[in-house]
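Under the numbering used here, the first residue of the sequence shown is numbered 159, with each subsequent residue one higher.
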Amino acid sequence: MQSVSRIMKMFFILLLWLSGGCASDRPPAGGAPDTSPLQVLSSNPAPSSVNVSTDRIHLTFNHYISERQLLNSLLFSPSIGKYDIAVNGKEVDVRVFNPLEKNRTYHITLDKNLRDTQGHTFPGPYTFAFSTGPSIDTGVISGKVVNADFSPATNALLLAFSEQSNTPAEVSLLTREPDYLIQADAYGGFSFNNIGKGLYKIFAVNNRNNELRYTYKTEEVGLSSASLVPAGSSNLIFRLDGLQSKSDGIVSCSPLEEQRLEITFGRPINITSFNPEKLEIRHAESHTLIPAVTWFSKNRALYERTFLIVTAKLQPSEPYLISYRGDDGTGTIRTIPFYGSSQPKVNHPLSITIAPDNGSNPAYLDLAWPALGKAVVIRLSDPLTETELSHATTLSERASGAESNLRFSLIKIDPRTFALKPSNGFQPGRSYSVSVNPADLTSTTDKSDKLKPVVSQFRTAENKECGSISGTGHASGKYAVIEAKLSGSASTFSTTALCDKNGTFRYLFPELPPGSYTVSAFIPSGSRPPGAYQQWNPGSIEPYRPAEAFGFFAEPVKVRAGWTTQHIDIQIIPSR
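Now the structure itself:
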């Protein structure tokens with residue numbers, strides 16, 4: 159019994175000794191928890207050190223770090239090859255297997271999302287440099303990254319590729335390792351420090367995978383507005399626009415039903431320029447041509463990537479090929495294979511909506527489709543012809559207690575989206591009624607849906623119920639396209655201004671619905687006047703094409719009825 163008691167006592171003492179000797183990031187008993195952000199307290203070599211000759215790099219943190227977390231968060235530029243990491247609490251040793259190059263500046267980047275054992279992260283990006291020679295590179299390139307809506311791109315990653323005479327022209331940026339890589343801060347700002355002299359191709363990505371690298375086709379990209387950016391450049395601006403594709407043509411085709419396909423283009427196209435006659439669908443083995451019966455855009459936007467195609471019946475599990483004879487910039491036609499779906503065609507009751515909503519007072523008729531001006535927009539769940547819809551539609555004006563029918567025209571946006579305008583246009587402050595009677599449609603067979611016309615009665619807004627935005631700007635091009643996007647909607651108003659010999663332009667949006675707007679501008683490529691509602695060109699990585707230079711007003715712009723919001727000035731600073 160005595161020996162057992164002695165053994166238990168020794169075991170208890172051992173437990174106390176082990177618990178006291180274990181590393182912990184907890185504060186002492188009674189102390190407040192340490193909520194300070196993660197920091198690197200010191201490093202060897204120290205930041206900006208020169209004449210470094212070592213096979214070990216030492217880092218000291220203010221919190222305990224796990225080896226597994228650090229391994230996925232450490233990056234060297236240029237690459238140092240294989241290395242080993244040893245973590246002991248707050249101390250980290252990196253053992254380098256291969257000798258460092260002589261007279262070379264090295265950068266060490268720690269992912270700002272790195273977490274210590276208690277979940278603390280860095281307050282911002284962390285990078286430092288040292289040199290194995292007597293001097294260190296001193297070049298700087300800085301700027302800002304914004305999202306598509308011009309908000310700060312807090313998750314942006316920037317990659318810089320040096321333009322060297324010995325780099326083969328055919329080497330793609332998609333396969334090259336970047337010479338420098340840095341993360342943006344919480345405001346979208348970035349700065350490449352201690353980089354070499356010379357010219358660089360730079361692009362920003364939305365680092366969704368948090369892997370300190372670009373993943374093609376899954377992460378949005380923003381390119382510089384200059385083909386090459388020299389070291390020493392500042393105030394650069396990048397806009398994350400969309401996913402990159404090597405082709406402007408069709409990049410995917412998904413069969414939804416036995417007579418319906420969903421196709422996606424590499425870049426958005428104006429739906430008014432989509433031509434179904436350029437579509438070719440064939441059986442992959444018999445080469446039998448499959449006709450496209452009709453089409454429509456998926457999201458009913460002016461610029462679309464995705465379209466739905468209604469075809470003749472496709473055989474389930476049979477191989478087919480689809481192509482579009484558009485210009486993808488390479489002179490080639492991209493053919494996409496797919497297999498027919500066994501999902502039968504689903505017939506839904508026809509639904510009809512009219513914008514503006516019934517009872518709108520006032521109604522702002524350029525909200526639904528700004529590119530068409532003041533118009534009523536009729537949206538259908540299934541395609542119809544202009545003739546058939548026109549036969550089922552009535553437009554009338556109410557004045558002095560009487561109602562009179564008006565002549566009108568229909569503008570086909572796509573086969574299930576139409577704009578309606580009276581012959582003499584909609585007049586301000588007038589009361590109108592638009593009615594679509596499904597009973598007059600011959601192509602639909604659902605009788606229950608034909609009993610009730612769809613009606614929108616509204617009063618058009620008067621000039622005093624609208625507001626205006628005016629301003630000036632400066633651009634290094636001949637023309638500037640200015641856009642005002644209404645917050646909380648898909649409505650974007652656009653106007654074009656001519657720059658004078660000093661690069662100054664003036665613009666005015668005369669009749670805008672009240673609300674909060676984001677105002678931006680860009681310089682369209684080429685010397686010809688831009689088309690109406692021309693879209694900003696974001697450029698491409700492959701083939702490498704810079705984005706069109708742009709700028710934006712930093713604050714939301716408030717528009718009030720009867721007021722002109724002035725001095726909304728925009729500087730378009732090209733990358734240089």
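Beta carbons: idealized from backbone N, C-alpha and C, even for Gly. Everything numeric in this text was worked out from a predicted model, so none of it was measured.
Subject >> Own chain, CB closer than 6 Å to V677, minus 5 neighbours either side, in chain order >> reply: Within the same chain, and ignoring the five residues on either side of V677 in sequence, the residues whose Cβ sits closer than 6 Å to its Cβ are A642, F711, V715, I726.
Original post:
With which residues is W453 paired in a DSSP beta bridge?
Top reply: When beta bridges are read from the DSSP output, W453 appears opposite I467.
Subject >> Three or more C-beta pairs below 8 Å linking the segment 448 to 463 and the segment 416 to 434 >> reply: Yes, they touch.
**OP:** Determine the DSSP secondary structure at A557, reduced to helix, strand or coil.
**Re:** In this structure, A557 counts as strand in the three-state DSSP scheme.
Original post:
Counting Cβ pairs, one atom from each stretch, are 3 or more of them under 8 Å apart for the segment 573 to 585 and the segment 527 to 543?
Top reply: These segments touch.
Original post:
For A750, does the count of other Cβ atoms within 10 angstroms reach 16, so buried, or fall short, so exposed?
Top reply: It is not possible to answer for residue 750, since the shown part of the chain is limited to 159 through 734.
Original post:
Is the beta carbon of E462 sitting closer than 8 Å to the one on I427?
Top reply: Cβ atoms of E462 and I427: closer than 8 Å.
**OP:** Find the nearest neighbour of A306 within the set P281, P696, I730, judged by alpha-carbon distance.
**Re:** Among P281, P696, I730, the Cα nearest to that of A306 is on P696.
**OP:** Would you mind listing the beta strand (DSSP E) stretches within the segment 473 to 515 that are 3+ residues and don't spill past its ends, in chain order?
**Re:** Listed in chain order, the complete beta strand (DSSP E) runs (minimum 3 residues) inside the segment 473 to 515 are 477 to 482, 493 to 497, 510 to 513.
Original post:
Do L670 and S626 have their C-beta atoms closer together than 8 Å?
Top reply: Yes, the Cβ-Cβ distance between L670 and S626 is below 8 Å.
Subject >> From T446, R492, P191, A550, residue whose alpha carbon lies closest to that of I421 >> reply: Shortest Cα-Cα distance from I421 to any of T446, R492, P191, A550 involves R492.
Subject >> Residue burial classification, S392 (beta-carbon count within 10 angstroms, cutoff 16) >> reply: By the 10 Å Cβ count, S392 comes out exposed.
Original post:
Is the segment 612 to 626 in contact with the segment 637 to 656, if contact means three or more CB pairs nearer than 8 Å?
Top reply: The segment 612 to 626, when compared against the segment 637 to 656, does not touch it at the 8 Å Cβ threshold.
Subject >> S444 burial status per 10 Å Cβ neighbour count (16 or more: buried) >> reply: By the 10 Å Cβ count, S444 comes out exposed.
**OP:** Please name the residue in E713, Y675, Y478 whose C-alpha comes closest to that of L644.
**Re:** Check the Cα spacing between L644 and each of E713, Y675, Y478: the tightest is with Y675.
Original post:
DSSP on K605, reduced to helix/strand/coil?
Top reply: Residue placement at K605 is poorly supported in this model, since its pLDDT is 48, which falls under 50; the coordinates still yield a value, given next. Correct three-state label for K605: coil.
Original post:
Could you check where the alpha helix (DSSP H) with H549 kicks off and where it finishes?
Top reply: Its alpha helix (DSSP H) spans residues 544 to 549.
Subject >> Within 8 Å, strictly: CB atoms of I294 and V198 >> reply: Taking C-beta atoms as the reference points, I294 and V198 fail to come closer than 8 Å.
Subject >> Cβ-based neighbour list, S349, same chain, cut-off 6 Å, excluding 5 preceding and 5 following >> reply: S300, listed in sequence order.
Original post:
In the structure shown, what three-state DSSP assignment does A306 receive?
Top reply: In the structure shown, A306 sits in coil (DSSP, three-state: anything other than H, G, I, E or B).
**OP:** Compute the Euclidean distance between the alpha carbons of V592 and N563, then round it to the nearest angstrom.
**Re:** Going by C-alpha positions, V592 is about 10 Å away from N563.
Original post:
Short check: CB of R397 to CB of V304, under 8 Å?
Top reply: At the C-beta level, R397 and V304 come within 8 Å of one another.
Original post:
Buried or exposed: where does H265 fall if 16 or more other Cβ atoms within 10 Å of its Cβ makes it buried?
Top reply: Buried, because 16 or more other Cβ atoms sit within 10 Å of the Cβ of H265.
Subject >> Of the listed residues S235, T290, L217, nearest to N246 (C-alpha basis) >> reply: Here the closest residue by C-alpha is L217.
**OP:** Measure how close the beta-carbons of H632 and Q501 come, nearest whole angstrom, since I'm counting them as under 8 Å.
**Re:** That belief does not hold up - the Cβ atoms of H632 and Q501 are roughly 55 Å apart, past 8 Å.
Original post:
Near G178, what residues of its chain come up, given a Cβ to Cβ distance below 8 Å and the 5 sequence neighbours on each side ignored?
Top reply: With a pLDDT of only 43 at G178, under the threshold of 50, the placement of this residue in the model should not be trusted, and no figure is reported.
Original post:
Measuring CB to CB, does A342 end up less than 8 Å from A314?
Top reply: Between A342 and A314, the C-beta spacing is below 8 Å.
Original post:
Do Y478 and I448 come within 8 Å of each other at the CB atom, strictly closer than that value?
Top reply: At a Cβ-Cβ threshold of 8 Å, I448 and Y478 count as neighbours.
Subject >> As assigned by DSSP and simplified to three states, the class of H725 >> reply: Reduced to three states, the DSSP call for H725 is coil.
Original post:
In chain order, what residues of the same chain lie with their CB nearer than 7 Å to the CB of P672, ignoring the 5 residues before and after it?
Top reply: Correct list, in chain order: G625, V717, R718, A719.
**OP:** Measure the alpha-carbon distance for N271 versus T279 and round it to whole angstroms.
**Re:** Approximately 6 Å, taken between the alpha carbons.
Subject >> Under the three-state DSSP convention, the category P668 falls into >> reply: It is a strand residue.
**OP:** Rounded to whole angstroms, what's the CA-CA distance from I745 to Y665? Just pull it up for me.
**Re:** Nothing can be reported for residue 745, as the shown portion of the chain is limited to 159 through 734.
Original post:
Fully enclosed by the segment 218 to 294, which beta strand (DSSP E) runs are 3 residues long or longer?
Top reply: Listed in chain order, they are 232 to 235, 241 to 246, 249 to 254, 263 to 268, 284 to 289.
Original post:
If we call anything under 8 Å between Cβ atoms a contact, is P514 one with F616?
Top reply: Remark: C-beta atoms of P514 and F616 approach each other more closely than 8 Å.
**OP:** Provide the residue(s) that pair with L394 in DSSP beta bridges, ordered along the chain.
**Re:** In DSSP, L394 forms a bridge with G301.
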